[in-house]
Every structure is written in C-alpha cells, then in structure tokens.
Amino acid sequence: MNTANLLEFDLEGLAAFCEKLGEKRFRATQLFRWIHQRGASDFAQMTDLAKSLREKLATTARVEALPVLTQHESKDGTIKWLFDVGDGNAVEAVFIPEDDRGTLCVSSQAGCAVGCRFCSTGHQGFSRNLSTGEIVAQLWFAEHFLRKHLKRDERVISNVVMMGMGEPLQNYTALVPALRTMLDDNAYGLSRRRVTVSTSGVVPMIDRLGTDCPVALAVSLHAPNDALRDDLVPLNRKYPIAELIEACKRYLAHAPRDFITFEYCMLDGVNDQPEHARQLVELVRTHGISCKFNLIPFNPFPASGLLRSPQPRVLAFARTLSEAGLVTTVRKTRGDDIDAACGQLAGDVKDRTRAAERMAQRRVVSERPVVLHPVRKTTPQEH
C-alpha cells in the first residue's frame, strides 16, 4: 500500500489529509508540530495523538527524509549536504552560520534549465523539479541535525534562501506549499523577511508570488543591459530587463521588505567595468525602483571560461553604486573550500537537456572583447 509522505503537506494540506482519515483539524496541527518543531518521524512517539489516529497513520503515512550521500564541513563552519533524490539525481543544501543568524540555502530542482554561464548547476543541465516534500526535507533534516550537532534546544536556522540548485519560480506549484510550511508558526515560524526566493527573472511567477505568498525577493541581474544579460542569463531573451524591473516594482506592493535585492556576480572583463556600474545607476534611476545591490565574487570552474573580478575592481564598482545613493554590499565568500559558495552547487544531475553541449557552444560564441551597450531608456508607454 502506498503511504503519503507528510513532508509534502503544508498545514492546509495536512488538515485535508486528516479529514480523509475522519480526524478533526486540530489533530493536523498537533501532527504538524510533532513533525516540524520536534523533528519526529515515528508516529508512536506522538503521545498526545489518539491511539486510534496513530494506528491509522502507521498504515497510511510516513515522514521520510532524503538520504544523505555526503556531508562536508568547511573550516568556517559552513556545512554542505548532498541529498539523494533518486534516479541518479542528487541535490545540495548548505548551512551558513553567522553571529546573528543561521542561514540554510535550499535547492528547488535537480539541475536547472536556465543555463546561466557563470553557474555550475546550469552547466549540469536539468533533470526534474523537486516535490514540496523534497524541498521541505532539506530544512527538516538540517534543522534537527544541527540541534543535535550543536547541542542546542532552540531553533538553529533563522533564515532560508531559495538559492540552491534550480530556478524556484519554474517549480512554482511545489515551491509555495514549501514556503508556507517554513513560515507557519506551527512548523518553523520563520519571518517573511527571513525567507528569500532568488529568481533569474520569471516575470509572470513574480507577480503570482506577490499574491500567493510574498517573501523577500532577490533577482539575479548580473548585467546592466539586455545585450549582455542575454548572453549571461538566457531567460532575459524572454523577459528583458525593463519587464523584469517593472515586475519587481509591482512585487514591492506586497513584499515584506521595502526593497528588492539585485544579485550581481562580478566577472572579470565581462560585466565589471566602470561603465557597467554607471549603466546600473542609470537603470535604477530610469525605473525608480527601491533596491539593494549585492555584488558576488565569482567562484570559477573550468567549464565556464570565466574569471573572478579582481578585488580592487569589485570595490571600485561598489563605490560607484554607493556614491550614487544605492545601498551596496559585497558578499563575503563562505564555504568555498568545500565548493559550497554561491554558484558552486552542482550535485549530480541526470541531464535531459544536453546542457554541456549547448553551454560549450555558447562559450565559443561569447569569447569576444567586451562591448559596452548603452541603456535604452523606456518611455512610460513601454512600461
């Protein structure tokens, strides 16, 4: 008999499941707390549930985590896990400890179909979307492992960033229930400000997220103009920068923060010139969007054909943005000694998209001198 993995359900879904068993809603809340707050997977341990319910659950349900293939701990305390999601696929999640927070970077897909040039996941190609339970299982395992590992009774993970493998907004149906579980006070009780979805710019889904489950939003921008972004982030050909930024402005009406974070990976000789910084300033002023820039040191890997921008150039770039009144930070690289830093997550992917072949072809085409393209100003009618 097939049993349901209860990690697949947010509280509403679990209530519906309990109703099918002839149980009232408050039983779902009790069960939800046992699973997520206490990390219980054995129904026999859930002593405040009626014995009759525990017996029903034993034959109809399970709480099943993802098998851990490997675990690596960095000298800076960062921990990376490789989880088996079956059929030759594995995904990675990363815990990043800091003085004032504990952040978990979570994957949403086995691979990624977007194919950004600077991302090692994209070079691996795409196999499939993760289910809600596979997304939540990364948090469920990490939170309860870390409590034991660090000998702490209180919550360890205070922030979740959907910045692991995959494009979260291309797995929207599974993503939203997972986010709701993260936010639910009967589960992890995370603040909307402390749960971040990072997207390469799936415009229609940005609008839907603002309505369905608004959390903090980070956008992988990486270029100040369409010609360059078309090359670095192929999704830009479908949703160009002007459309993307207008979607971000609409999102701000619902967002828990009063700004959008723009991620910008610094690539040597590609998008890191003074003119690129000036174009970004002009872009923000033209669209009038409240934003913050997060400059990310590139973590090189051979297949990309790209190099990290020198630190003095990164700091000069940041200074240009800051002097124009734009809040700008330079991300501190964490976990790079275990390949757990930004852009390095790769896991194992049974590619169905011929990504390596396509990316190699793009690399040959793109190896040309840097061309600086002016920002095309849009009229109000074009917005």
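Residue numbers (our numbering): 369 to 751. For every residue, glycine included, the Cβ atom is placed at its ideal position computed from N, Cα and C.
So, helix, strand or coil for residue i, using DSSP?
| i | result |
| --- | --- |
| residue 526 | coil |
| residue 564 | strand |
| residue 574 | helix |
| residue 467 | coil |
| residue 641 | coil |
| residue 430 | strand |
| residue 670 | helix |
| residue 592 | coil |
| residue 541 | helix |
| residue 490 | helix |
| residue 604 | helix |
| residue 536 | helix |
| residue 378 | coil |
| residue 416 | coil |
| residue 580 | helix |
| residue 710 | Here residue 710 scores only 48 on pLDDT, less than 50, and its place in the model is too uncertain to base an answer on. |
| residue 531 | coil |
| residue 479 | strand |
| residue 495 | strand |
| residue 405 | coil |
| residue 451 | strand |
| residue 630 | strand |
| residue 680 | helix |
| residue 613 | helix |
| residue 657 | coil |
| residue 441 | strand |
| residue 372 | strand |
Using C-beta distances below 8 Å, list every residue in its chain close to residue i, excluding the 5 sequence neighbours before and after it, in chain order.
| i | result |
| --- | --- |
| residue 584 | 560, 561, 562, 563, 564, 565, 623, 624, 625 and 629 |
| residue 616 | 574, 585, 587, 628, 657 and 659 |
| residue 518 | 524 |
| residue 379 | 396, 397, 400, 548, 549, 552, 554 and 555 |
| residue 620 | 626, 627, 628, 657 and 658 |
| residue 435 | 451 and 452 |
State buried or exposed for residue i, treating a residue as buried only when at least 16 other CB atoms are found within 10 Å of its CB.
| i | result |
| --- | --- |
| residue 599 | buried |
| residue 468 | exposed |
| residue 485 | buried |
| residue 674 | buried |
| residue 388 | exposed |
| residue 665 | buried |
| residue 582 | buried |
| residue 411 | buried |
| residue 415 | exposed |
| residue 488 | buried |
| residue 331 | As displayed, the chain neither begins before 369 nor continues past 751, which places residue 331 out of reach and without an answer. |
| residue 500 | buried |
| residue 643 | exposed |
| residue 710 | Per-residue confidence for residue 710 stands at a pLDDT of 48, beneath the threshold of 50, marking its modelled position as unreliable; no derived number is given. |
| residue 470 | buried |
| residue 426 | exposed |
| residue 371 | exposed |
| residue 475 | buried |
| residue 676 | buried |
| residue 420 | exposed |
| residue 418 | exposed |
| residue 448 | buried |
| residue 522 | exposed |
| residue 637 | exposed |
| residue 569 | buried |
So, for residue i: in the same chain, excluding its five sequence neighbours on each side, which residues have a beta-carbon less than 6 Å away from its beta-carbon?
| i | result |
| --- | --- |
| residue 679 | none |
| residue 580 | 544 |
| residue 483 | 490 and 602 |
| residue 386 | 395 and 396 |
| residue 688 | 645 |
| residue 465 | 445 |
| residue 540 | 573 |
| residue 669 | 488 |
Less than 8 Å between the CB atoms is what I'm expecting for residue i and residue j, so what's the real figure, rounded?
| i | j | result |
| --- | --- | --- |
| residue 602 | residue 567 | Not quite, the Cβ-Cβ distance comes to about 14 Å (not below 8 Å), so this is no contact. |
| residue 525 | residue 510 | 6 Å |
| residue 533 | residue 478 | 7 Å |
| residue 571 | residue 611 | 5 Å |
| residue 527 | residue 591 | Not really, about 27 Å apart at Cβ, beyond 8 Å. |
| residue 375 | residue 432 | 7 Å |
| residue 701 | residue 662 | The Cβ separation is near 12 Å, so there is no contact. |
| residue 498 | residue 542 | 6 Å |
For residue i, which residues from the same chain have a beta carbon less than 7 Å from its beta carbon, with the 5 sequence-adjacent residues on both sides left out?
| i | result |
| --- | --- |
| residue 618 | 575 and 578 |
| residue 589 | 630, 631 and 632 |
For the structure I just gave you, are there three or more beta carbon pairs, one from the segment 606-625 and one from the segment 451-458, closer than 8 Å?
no
Between the segment 569-578 and the segment 457-473, do at least 3 Cβ pairs fall closer than 8 Å?
no
Three-pair Cβ contact test at 8 Å for the segment 686-697 versus the segment 634-651:
The segment 686-697 is in contact with the segment 634-651.
How about the segment 486-496 and the segment 425-444: do they share at least three Cβ pairs that are nearer than 8 Å?
no
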